[in-house]
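All letters in the sequence shown, in the order written, are residues 12 to 228 by my numbering.
Worksheet: the structure to be examined is printed underneath.
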Amino acid sequence: AEQKELSAALKSAFPAYVNSLNLKDAKGRALTLEPSGEGSFKEYVKKTLSDSFAAAKSREKSLLKPEFFTLETHGCTLEYDFKFEDFVLSMPRAKATPAFDGLELQNPENDFFGDADAAAKHFTEFSAKRGTGEIADAKIIKMANAMNYLGNANAAKFYRIRHGAADSDTALAVPLILALGLQNAGKTVDFAVPWGQGHGGDYDLDELFRWIDRVVK
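Right, dumping it as structure tokens:
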């Protein structure tokens, strides 16, 4: 019961957080969420996953089964309709709620914020109010959040971000928000979601090296 209550509380707070970021897509359209969770940001997430499947399908042809997609007629074209809710429900649960800032300071991430006085600390108001232990210094918490430094003129200009479509350790919204924030700040971002890939780093090393060659020339 407690896990469901925590999940519901985080879910209800997420739309306001997304809207506070003032994210826009490549065409300058605002990406937002209604309190219900519906909205242009959710549609952007769905399109990102649909594009991931389409890219994998074009490479693997008949080897890839469209488990969460149906071919539908849209005017004069055939397009895949994505059963997003079915896809979400198919994802295994990897962590307890909240996933990173543990209420009892039990997660490795809590150790990251520890100091000489306390081995582990909270880094969100959400968990600090509901759990035990102290919250870390605000300056330390700020430094751990890349979203606070998107406008840094001295930061790198090129970014390559990958997140597996089957990654259940971190929600797709997290890297997607970072990629959009970087793009909105004028950075060049190569963002992709490899279909079928779980939580890992070896997405496509050959492509990574080609990207490095392109950006350093």
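Where a beta carbon is used, it is the ideal one built from N, C-alpha and C, also for glycine.
Asked: Buried or exposed (CB count within 10 angstroms, at least 16 for buried), LEU116; Found: buried
Asked: Where the alpha helix (DSSP H) through VAL99 begins and ends; Found: 95-101
Asked: Sequence-distant residues of its chain with Cβ nearer than 6 Å to ALA147 (five each side left out); Found: PHE124, LYS132, PHE134
Asked: Per-residue DSSP class, three states only, for ALA149; Found: helix
Asked: CB-CB length for ALA107 against GLN14, believed under 8 Å; Found: 7 Å
Asked: Candidates GLU49, PHE64, LEU193: closest to GLY162 by CA position; Found: LEU193
Asked: Rounded separation between ASP126 and MET154 - CA only; Found: 15 Å
Asked: Selection from ALA190, ALA176, HIS210, ARG221 that minimises the alpha carbon distance to LEU34; Found: ALA190
Asked: For LEU21, the nearest candidate out of LEU42, GLU136, VAL99, PRO103 (CA to CA); Found: GLU136
Asked: Identity of the residue in PRO205, THR181, PRO186 nearest MET102 by Cα; Found: THR181
Asked: The alpha helix (DSSP H) enclosing THR59, as first and last residue numbers; Found: 51-71
Asked: ALA65 versus GLU145: straight-line alpha-carbon distance, rounded; Found: 46 Å
Asked: 7 Å Cβ shell around ASP36 - same chain, five flanking residues per side excluded; Found: LEU42, TYR55
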